[in-house]
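Undergrad:
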Amino acid sequence: MKQWVTLLKKEMLELARNFKWIWVPLTFILITVKEPLTLYYLPQIIDSLGGLPEGAVIELPVPSAGEALAASLSQLNTIGVLIIVLIAMGSIAGERKSGVAGLILVKPVSYAGFVTAKWTSLMMLIWLSYFLGYFLSWYYVGILFEFIPFVDFLQSFFVYGIWLTLIITIVILFNTFIKSPGAVGFFTIGIIVLLTLLSTSLSHLMEWSPALLSAYTNTFIIGGNFPDELLPSIIVSVIAITISMIASIAIFKRRELA
Amino acid sequence: MEILESINWAIIAPIVIIQLILMAVAIIDLVKIEKANGPKWVWALVILFINLLGPIIYFIFGRRS
Amino acid sequence: MPVVSITNLKKRFKDQEVIKGLDFQLSEGKCIALLGANGAGKTTTLKMLAGLVKPDSGTIVYEGGEKADFRRLIGYLPQFPVFYDWMTGKEFLEYAGQLAGLPKAEAKDRAAELLELTGISEAKNRRIGKFSGGMKQRLGIAQAIIHRPKLVMLDEPVSALDPFGRREVLELLGRLKKETAILFSTHILNDAEEICDEILFLHGGELIESGTLADLRTRHQQAKIDLVFKVNTAEYAEEISLLPPVSSMELKGDSASFLVEDIEDARNLFLTEIAKRKWPLLKFEISRTSLEDVFMKVVKK
């Protein structure tokens with residue numbers, strides 16, 4: 001346990017030294033808060049660009065508060081996820097590639113501790129950034145449109161957070177057996193895209209898919225209710241996270257590190 | 001310039017400030033770092049002139065890890 | 001009780017057998033050089049001992065048995081050590097010490113002590129990214145011994161250094177000898193002779209010679225007689241090489257070297273023959289072959 005704290009402290013210090021504690025939260029805030037703002041000011045923006053052509057009658061429907069918050073969520077689901085993968089793809093692979101992992105792991109370091117400390121530090125960074133971004137977006141939606149009940153915000157925050165957690169865990173899993181950070185990123189993105197495409201096009205067959213958590217959260221924010229398929233989807237996600245974590249440690253133990 | 005008047009700056013200001021902080025941190029890091037992933041002046045241009053994404057692109061791809 | 005026993009260790013990479021069955025033991029408090037040309041399998045052997053590469057067959061058993069975590073017992077420095085560039089030297093040593101199980105306060109003390117011992121304490125608060133090659137090597141040695149391991153393994157610790165840095169690191173290793181057993185690889189016999197008591201000589205993935213330096217010298221040194229004649233050295237040498245005590249002859253320019261079985265016999269016989277035939281002898285010298293000669297001979301085979 002003492003050693004695990006040492007490992008975690010090192011990860012925290014690294015995140016501070018390369019400014020990740022600053023730029024990742026700020027970036028998440030920017031990409032999420034941008035959405036309600038642009039939606040709110042869209043009529044003015046179109047006006048300022050010269051307005052609509054003569055004769056074109058376009059009714060711009062005023063978006064609801066739920067739609068504005070859902071727009072933030074979809075930013076998280078694209079740019080947010082991409083940033084998570086880019087940040088995490090080198091966390092173990094990079095250290096193995098450079099060779100420093102070899103220096104560290106000939107010390108009596110627990111392999112499980114090494115992997116879980118990496119995972120924990122990423123979780124802390126991403127959940128903090130995600131919370132700040134999503135919370136401020138909720139606040140802006142409240143000011144510009146109308147306030148969504150805070151309990152609803154919290155529920156959607158935790159449900160969608162499960163999907164982000166699964167992504168972090170998958171990046172770590174790939175990290176334990178692929179030595180090139182670029183390849184780790186490529187395969188993780190590939191899996192996420194594939195899973196999302198399959199789940200949305202075959203949603204009647206794959207309603208338990210973790211990739212649908214974002215869709216379910218959207219439905220909830222806009223319509224006020226989670227669909228019934230939410231529970232299986234959460235259960236499958238939690239199982240997938242657990243299995244990935246166990247597999248990561250098992251694989252990492254068996255790897256040749258040099 | 002109606003749009004400038006119709007916008008509530010109290011709402012926009014935090015976003016602008018965040019953007020400026022990101023830029024400042026990226027530039028400070030670029031100056032302090034020994035070697036960037038490519039010429040430093042190019043990264044300076046990226047950070048300063050690519051709106052919103054410049055500093056982020058620098059942090060992800062510009063630092064040699 | 002040896003610190004580690006290696007039996008029938010083998011490793012192949014793709015279609016090439018790099019280590020073809022090693023057997024040896026390392027005991028406490030010795031300094032042993034793993035000597036061999038490039039590609040002899042030194043790095044692979046050390047990596048297997050450190051647990052970074054898994055052997056295809058054979059066993060490596062550390063004191064304490066196969067179940068215990070042997071990593072407490074060893075310290076390891078790779079050939080090209082890489083650190084966290086964003087840490088300072090002091091931070092890295094304290095980190096390494098705590099990972100190795102030292103309490104925080106002790107890790108701090110030990111780090112300060114080793115920074116002093118390795119001579120990099122004036123740079124302790126500098127980021128490792130700004131360290132020179134020699135400083136990194138010394139930091140590498142410091143991190144390898146921070147938890148007072150019983151066996152320290154160093155992969156070519158002086159090869160990448162300039163003559164000055166090489167001197168300093170060799171002296172440092174000489175001082176370390178008192179604290180722990182050292183196994184270090186090198187392709188330079190001089191370095192091995194300077195600080196080690198024993199040599200493991202690796203060639204083509206096999207252990208072809210091992211033992212204490214004194215042993216090896218007596219086992220391999222042969223008496224040698226060098227002769228130089230005023231004219232026609234080659235011709236005379238040819239005839240002398242037919243004498244019974246001569247085991248081999250080699251011509252080097254104007255001089256001829258003879259390896260002989262018994263130095264007393266050979267001297268008398270050589271001198272009487274030469275005197276009898278009135279050959280124009282210029283130089284007669286008795287010497288011994290060096291370990292270097294022996295190893296060159298083995299490697300060329």
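Protein chains in written order, with the UniProt record's numbering: chain X, 1 to 258; chain F, 1 to 65; chain C, 1 to 301.
A virtual CB, placed ideally from N, CA and C, is assigned to each residue, including glycine.
Are glutamine 143/C and phenylalanine 92/C closer than 8 Å when you measure CB to CB?
TA: Locating residue 143/C in the third sequence gives position 143, counting from the first residue. Locating residue 92/C in the third sequence gives position 92, counting from the first residue. Yes; because the gap between Cβ atoms is below 8 Å, this pair is in contact.
Undergrad: Alpha carbon to alpha carbon, what distance is there between glutamine 155/X and threonine 200/X?
TA: Taking the first sequence and counting its residues from 1, the one referred to as residue 200/X is at position 200. Taking the first sequence and counting its residues from 1, the one referred to as residue 155/X is at position 155. Between threonine 200/X and glutamine 155/X, the alpha-carbon positions lie close to 22 Å from each other.
Undergrad: Examine the Cβ distances between the stretch 13-27 of chain F and the stretch 5-18 of chain X and report whether three or more of them are shorter than 8 Å.
TA: no
Undergrad: Among the candidates Thr27/X, Leu173/X, Pro63/X and Leu30/X, whose CA atom is the shortest distance from the CA of glycine 42/X?
TA: As a first step, residue 42/X is located in the first sequence; it is residue number 42 there, counting from the start. The question names glycine, yet the displayed sequence has leucine at residue 42/X. Here the closest residue by C-alpha is Pro63/X.
Undergrad: Tell me which residues of the UniProt domain "Cardiolipin synthase N-terminal" (21-63) of chain F have at least one Cβ-Cβ distance to chain X shorter than 8 Å, keeping chain order.
TA: Ile21, Leu22, Val25, Ala26, Asp29, Leu52, Pro55, Ile56, Phe59, Ile60 and Arg63
Undergrad: Do the CB positions of threonine 44/C and serine 185/C come within less than 8 Å of each other?
TA: If you number the third sequence from 1, residue 44/C lands on position 44. If you number the third sequence from 1, residue 185/C lands on position 185. Taking 8 Å as the cut-off, the beta carbon of threonine 44/C is found no closer than this to the beta carbon of serine 185/C.
Undergrad: Cβ of valine 100/X within 8 Å of Cβ of isoleucine 249/X?
TA: In the first sequence, the residue the question calls residue 100/X occupies position 100. In the first sequence, the residue the question calls residue 249/X occupies position 249. Contact: no.
Undergrad: With burial defined as no fewer than 16 other Cβ atoms inside 10 Å of the residue's Cβ, what is the status of phenylalanine 150/X: buried or exposed?
TA: Locating residue 150/X in the first sequence gives position 150, where the first residue counts as 1. Its Cβ having fewer than 16 others within 10 Å, phenylalanine 150/X is exposed.
Undergrad: In chain order, what residues of the same chain have a beta carbon less than 8 Å from the beta carbon of leucine 136/X, not counting five sequence neighbours either side?
TA: Reading the first sequence from its first residue, position 136 is the one you call residue 136/X. So the qualifying residues of the chain are Ile29, Thr32 and Val33.
Undergrad: Going by beta carbon distance, what residues of the same chain come within less than 6 Å of phenylalanine 252/X, once the five residues before and after it are set aside?
TA: Along the first sequence, one-based indexing puts residue 252/X at 252. Within the same chain, phenylalanine 252/X has close Cβ partners Tyr111, Val115 and Thr176.
Undergrad: Following the continuous alpha helix (DSSP H) through valine 169/C, name the residue where it begins and the one where it ends.
TA: As a first step, residue 169/C is located in the third sequence; it is residue number 169 there, counting from the start. Counting along the chain, the alpha helix (DSSP H) containing valine 169/C begins and ends at 163-176.
Undergrad: Pick out the complete alpha helix (DSSP H) segments inside the stretch 82-147 of chain C, 4 residues or longer, and give them in chain order.
TA: 89-99, 104-117 and 133-145
Undergrad: Would you say tryptophan 4/X and glycine 113/X are within 8 Å of each other, going by their C-beta atoms?
TA: Your numbering for residue 4/X matches position 4 in the first sequence. Your numbering for residue 113/X matches position 113 in the first sequence. Cβ distance < 8 Å, so tryptophan 4/X and glycine 113/X count as in contact.
Undergrad: Checking contacts by CB at 8 Å: is isoleucine 22/X closer than that to chain F?
TA: Translated into positions along the first sequence, residue 22/X becomes position 22. Yes, because at least one Cβ of chain F sits closer than 8 Å to the Cβ of isoleucine 22/X.
Undergrad: What is the rounded straight-line gap between the Cα of glycine 62/F and the Cα of asparagine 18/X?
TA: Walking along the second sequence from the start, residue 62/F turns up at place 62. Walking along the first sequence from the start, residue 18/X turns up at place 18. Spanning the two alpha carbons is a distance of roughly 12 Å.
Undergrad: Buried or exposed: where does proline 25/X fall if 16 or more other Cβ atoms within 10 Å of its Cβ makes it buried?
TA: Counting from one through the first sequence, the residue named residue 25/X turns up at place 25. Buried, since its Cβ has 16 or more Cβ neighbours within 10 Å.
Undergrad: Would you list, in chain order, the members of the stretch 98-117 of chain X that have their beta-carbon closer than 8 Å to a beta-carbon of chain C?
TA: Ser98, Gly99, Val100, Gly102, Leu103, Ile104, Leu105, Val106, Lys107, Pro108 and Val109
Undergrad: By DSSP's criteria, lysine 252/C is part of a beta bridge. Which residues make up the other side?
TA: The count along the third sequence starts at 1 and reaches residue 252/C at position 252. DSSP, once it has assigned bridges, lists Ser255/C as partnering lysine 252/C.
Undergrad: Taking a cut of 7 Å between CB atoms, which residues from the stretch 168-194 of chain X lie near chain F?
TA: none
Undergrad: Determine the burial state of methionine 296/C: buried for a count of at least 16 other Cβ atoms within 10 Å of its Cβ, exposed for fewer.
TA: Numbered from 1 along the third sequence, position 296 holds the residue referred to as residue 296/C. A residue is called buried when at least 16 other Cβ atoms come within 10 angstroms of its Cβ; methionine 296/C does not meet this threshold and is exposed.
Undergrad: Does DSSP put arginine 63/F in a helix, a strand or coil?
TA: As a working note, residue 63/F is residue 63 in the second sequence. Arginine 63/F: strand per DSSP, three-state reduction.
Undergrad: Could you work out which residue in Thr27/X, Ala71/X, Ala211/X and Glu14/X is closest to leucine 39/X when comparing CA atoms only?
TA: The count along the first sequence starts at 1 and reaches residue 39/X at position 39. Closest by alpha carbon: Ala71/X.
Undergrad: Which residue or residues does DSSP assign as beta-bridge partners of cysteine 31/C?
TA: Translated into the one-based positions of the third sequence, residue 31/C becomes position 31. Beta-bridge pairing links cysteine 31/C to Ile182/C.
Undergrad: CB-CB under 8 Å to alanine 44/F, same chain, minus the five flanking residues each way: which ones, in chain order?
TA: The sequence position of residue 44/F within the second sequence is 44, counting from 1. These residues qualify, in order along the chain: Ile27 and Leu30.
Undergrad: Please say whether isoleucine 167/X and isoleucine 246/X have beta carbons closer to each other than 8 Å?
TA: What you label residue 246/X is simply residue 246 of the first sequence in a count that begins at 1. What you label residue 167/X is simply residue 167 of the first sequence in a count that begins at 1. Result no, Cβ atoms of isoleucine 246/X and isoleucine 167/X do not sit closer than 8 Å.
Undergrad: Are isoleucine 199/C and alanine 192/C touching if we call contact CB-CB under 8 Å?
TA: To locate residue 199/C, count along the third sequence from 1; it is residue 199. To locate residue 192/C, count along the third sequence from 1; it is residue 192. Yes, the Cβ-Cβ distance between isoleucine 199/C and alanine 192/C is below 8 Å.
Undergrad: So what does DSSP say about glycine 90/X, is it helix, strand or coil?
TA: As a position in the first sequence, residue 90/X is number 90, starting the count at 1. Of the three classes helix, strand and coil, the one that applies to glycine 90/X here is coil, per DSSP.
Undergrad: Taking a cut of 7 Å between CB atoms, which residues from the stretch 83-98 of chain C lie near chain X?
TA: Phe83, Tyr84, Trp86, Tyr95, Ala96 and Gln98
Undergrad: So, does the stretch 47-59 of chain C touch the stretch 123-140 of chain C, judging by three or more C-beta pairs under 8 Å?
TA: The stretch 47-59 of chain C, when compared against the stretch 123-140 of chain C, does not touch it at the 8 Å Cβ threshold.
Undergrad: Using a cut-off of 8 Å between C-beta atoms, extract the partners of alanine 3/X located in chain C.
TA: Start at 1 with the first residue of the first sequence, and residue 3/X comes out as number 3. The sequence as given places glutamine at residue 3/X; alanine does not occur at that position. Neighbourhood of glutamine 3/X in chain C, by CB distance below 8 Å: Gln98, Leu99 and Gly101, in chain order.
Undergrad: Output yes or no for whether 8 Å exceeds the beta carbon distance between serine 214/X and tryptophan 138/X.
TA: Working through the first sequence from its first residue, we reach residue 214/X at position 214. Working through the first sequence from its first residue, we reach residue 138/X at position 138. Taking 8 Å as the Cβ cut-off, serine 214/X and tryptophan 138/X do not qualify as a contacting pair.
Undergrad: Measuring CA to CA, which of Pro2/C, Asp56/C, Thr7/C and Lys30/C is closest to lysine 14/C?
TA: Locating residue 14/C in the third sequence gives position 14, where the first residue counts as 1. The candidate whose alpha carbon is nearest that of lysine 14/C is Asp56/C.
Undergrad: Is the distance from the Cβ of histidine 203/C to the Cβ of glycine 89/C below 8 Å?
TA: Here residue 203/C is taken as the residue at index 203 of the third sequence, counted from 1. Here residue 89/C is taken as the residue at index 89 of the third sequence, counted from 1. Result no, Cβ atoms of histidine 203/C and glycine 89/C do not sit closer than 8 Å.
Undergrad: Glycine 21/C to proline 2/C, Cα distance in whole Å?
TA: Locating residue 21/C in the third sequence gives position 21, counting from the first residue. Locating residue 2/C in the third sequence gives position 2, counting from the first residue. Rounded to whole angstroms, glycine 21/C to proline 2/C spans 19 Å at the Cα level.
Undergrad: Can you tell me whether DSSP reads leucine 213/X as helix, strand or coil?
TA: Within the first sequence, numbered from 1, the residue matching residue 213/X stands at position 213. Looking at leucine 213/X - three-state DSSP - the assignment turns out to be helix.
Undergrad: Residue 66/F and leucine 86/X: beta carbons closer than 8 Å?
TA: Residue numbering for chain F in the displayed model covers 1 to 65; residue 66/F lies beyond these limits and cannot be assessed.
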